[in-house]
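Residue numbers (this note's numbering): 163 to 304. Even glycine gets a Cβ: it sits at the ideal position worked out from N, Cα and C. For reference, the structure is listed below as structure tokens.
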Amino acid sequence: MTSQELAQQVANLQAALRSLNAEADRLAMETANFATGAADAAPAAGHSFFITGLTVFALACFVGYYVVWRVTPALHSPLMSVTNAVSSVIIVGALIATGSTAGFTFSTALGFLAVILASVNIFGGFIVTQRMLAMYKKKQKK
């Protein structure tokens with residue numbers, strides 16, 4: 163290939179890249195408009211945020227139940243680790259809710275309760291994970 167052919171291919175690739183960037187921007191805007199429209203349509207249809215949140219919570223409970231009970235026993239230790247990671251995210255949110263400057267409110271009390279329960283869950287999960295991993299260690303002969 164000559165340098166002129168390479169330069170032409172580079173120019174073609176740059177034009178294709180610009181075209182793909184424009185298409186990606188268009189799709190991102192279309193997706194954002196769709197998401198905004200869907201979020202605006204729920205209250206307009208008479209659905210409150212409470213009903214939507216309750217529906218998502220119920221679906222998450224069912225999905226979580228079936229996911230956990232379908233896990234093979236060999237994968238329960240990694241599952242416990244992921245559960246501990248989720249609890250650590252929950253405890254960060256609870257600390258933010260507890261540390262509000264508005265004084266002692268209902269949200270502060272719930273945040274404090276969430277900190278306590280998430281802490282128990284995290285430490286209990288670590289203890290259970292440690293016991294499960296201890297089952298796989300080879301026993302030393304005396």
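Sequence-distant residues of its chain with Cβ nearer than 8 Å to Ile284 (five each side left out): So the list reads Asn246, Ser249, Ser250 and Ile253, once near-sequence residues are dropped.
Three-state secondary structure assigned by DSSP to Gly287: It is helical.
C-alpha distance - Ile213 paired with Ala264, whole-angstrom precision: Taking the straight line joining both Cα atoms gives about 28 Å.
Simplified DSSP assignment, three categories, for Ala173: In the displayed model, Ala173 falls within a helix according to three-state DSSP.
Test item: CB-CB of Ala256 and Val277 under 8 Å: In contact: Ala256 and Val277 (Cβ atoms closer than 8 Å).
Burial state of Ala280, where buried means 16 or more other Cβ atoms lie within 10 Å: Looking at its Cβ environment, which holds 16 or more other Cβ atoms inside 10 Å, Ala280 is buried.
Assigned secondary structure, Tyr228 (DSSP; H/G/I helix, E/B strand, else coil): Secondary structure of Tyr228 (DSSP, three-state): helix.
Cutoff 8 Å; reference Met294; Cβ partners in own chain excluding five residues on either side: Taken in chain order, the residues that qualify are His238, Ser239 and Met242.
Where Gln292 falls: helix, strand or coil (DSSP): In this structure, Gln292 counts as helix in the three-state DSSP scheme.
Between the CA atoms of Val230 and Lys303 - distance to the nearest angstrom: About 36 Å.
Simplified DSSP state of Val233, which is helix, strand or coil: Correct three-state label for Val233: coil.
Contact set for Ala259: own chain, Cβ-Cβ below 6 Å, skip 5 residues either direction: Excluding sequence neighbours, Ala259 sits near Ser269 and Gly273.
Own chain residues within Cβ distance below 6 Å of Val244, not counting five before or after: For Val244, same chain residues with a beta-carbon under 6 Å away, outside a window of 5 residues either side, do not exist.
Three-state secondary structure assigned by DSSP to Ala256: Ala256: helix per DSSP, three-state reduction.
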